[in-house]
Amino acid sequence: METVEATPLEAKSPFEMRVHLGDDVGDADVRTALKTGDMGFLHSFTTGSAVDGPGIRLVAWTTACMFRCQYCHNPDTWTLSNGIPVTLAKAISEIQRYAPGLKRMNGGFTLSGGEPLMQDRFVVRLLEAAHAMGVHTALETNGFFGERLSDEELRNIDLILLDMKAFTPEQHKRVAGINNEPVIAFAQRLARLGRPMWLRYVLVPGLTDDPEEMRQLGEFVAGLGIAERAEVLPFHQLGEYKWKKLGLEYQLEGVETPSNEAVAAAIAVFAGTGLKAC
Ligand code: SF4
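Mapping to my numbering: the sequence shown position 14 is 152, numbers consecutive.
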């Protein structure tokens with residue numbers, strides 16, 4: 139299988155736009171990669187993140203996503219071929235470089251995206267490799283393809299960062315353009331398996347700030363009994379330029395970052411359901 143690894147893995151940040159990096163990989167190689175996990179497609183690796191799981195994290199950002207969230211700040215990660223083709227061995231060696239420091243700082247390795255479970259075999263093998271090095275592992279996912287992971291594979295991931303866009307199906311469709319039944323089922327399965335999770339919720343004025351919607355979501359997640367925290371992530375416009383460059387219709391033009399008061403109010407709604415919200 140041919141791979142192209144000349145493009146540096148590090149990006150200055152996930153907000154750096156990257157496109158067409160995997161166009162040279164043939165369809166047959168892509169199919170093989172997805173089936174075996176011998177190769178994956180990454181937007182970038184970033185180091186030093188303090189917001190993608192406990193401690194200081196090394197984060198690998200995958201490409202491909204089946205959602206179309208109105209507030210997505212990385213629409214360049216929607217397409218698999220926008221990512222850099224990376225062999226599993228190369229990705230593992232990147233983690234090895236940082237493993238001692240990550241352990242010293244009580245941090246770990248996080249796979250995010252895009253939606254990592256679009257490349258579930260690569261993701262599982264990479265997380266297992268990190269786990270075997272004694273590095274704490276986290277998977278940030280929208281949960282839609284959770285059934286692609288076996289119970290045993292889920293037990294080997296230390297933390298799931300579950301990005302829930304909404305609770306009611308209508309609101310989920312409005313925000314992400316897709317139904318959320320598989321997401322709800324995945325969250326319930328995590329609960330049955332007793333796997334720890336953090337809820338992540340993006341607060342967008344006028345789109346996701348309905349207190350009743352947040353209350354219902356909070357009650358559902360609190361009822362699972364596995365959520366260690368609920369994080370309210372204020373929407374920002376750092377990804378707006380990507381929508382424009384990609385020629386996509388951006389519906390949140392002019393929407394402002396929520397005020398501190400609005401963020402505090404959202405946190406209070408989640409806290410009111412019994413979650414440890416921040
Ligand atoms: S799930 Fe994440 S990557 Fe996918 S569209 Fe939504 S915000 Fe973007």
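We put the CB at the ideal spot given by N, CA and C, even for glycine.
For cysteine 207, the CB contacts under 7 Å within the same chain, skipping 5 residues up- and downstream, are Lys303, Val313, Ala314 in chain order. Setting aside the 5 residues that flank it on each side, phenylalanine 205 is surrounded in the same chain by Glu253, Asn280, Phe282, Lys303, Ala314, Gly315, Ile316, each with a C-beta closer than 8 Å to its C-beta; the list follows chain order. Taken through DSSP and simplified to helix, strand or coil, alanine 325 comes out as helix. Residue state for leucine 159 is assigned as coil, using DSSP reduced to three classes. In the structure shown, glutamate 369 adopts extended strand secondary structure according to DSSP, grouped into three states. Under the 10 Å beta carbon count, glycine 272 is surrounded by fewer than 16 other beta carbons and is classified as exposed. A distance below 6 Å between beta-carbons, with the five flanking residues on each side excluded, links threonine 201 to the following residues of its chain, in chain order: Phe179, His181, Thr215, Leu218, Asn220, Gly221, Gly252. Inclusion of aspartate 301 and arginine 338 in the CB contact set at 7 Å is warranted, their separation being smaller than that value. With respect to the 7 Å criterion, glutamate 278 and leucine 265 are not classified as neighbours on the basis of their beta carbons. By the Cβ test, the region 341–352 is not in contact with the region 320–331, since fewer than three Cβ pairs between them sit closer than 8 Å. Distance from the C-beta of phenylalanine 153 to the nearest heavy atom of the ligand SF4 is not below 6 Å.
For leucine 355, the enclosing alpha helix (DSSP H) starts and ends at 349–362.
Note on geometry: alpha-carbon atoms of glutamate 154 and leucine 376 lie some 10 Å from one another.
Around valine 359, the same chain offers Leu337, Ala365 as residues with beta carbons nearer than 6 Å, after the five sequence neighbours per side are excluded. Nearest C-alpha to alanine 166 among Met177, Arg156, Leu328: Met177.
If you look at tryptophan 336, you'll find it in the beta strand (DSSP E) that goes 335–341. Note that the C-beta distance between methionine 243 and glycine 164 is not below 7 Å. Runs of the alpha helix (DSSP H) lying entirely within the region 238–282 and spanning at least 4 residues, in chain order: 258–270.
A heavy atom of the ligand SF4 is found nearer than 6 Å to the CB of cysteine 210. Counting other Cβ atoms within 10 Å of its Cβ, asparagine 212 reaches 16 or more and is therefore classed as buried. Under the three-state reduction of DSSP, proline 192 is assigned to coil, being neither helix nor strand.
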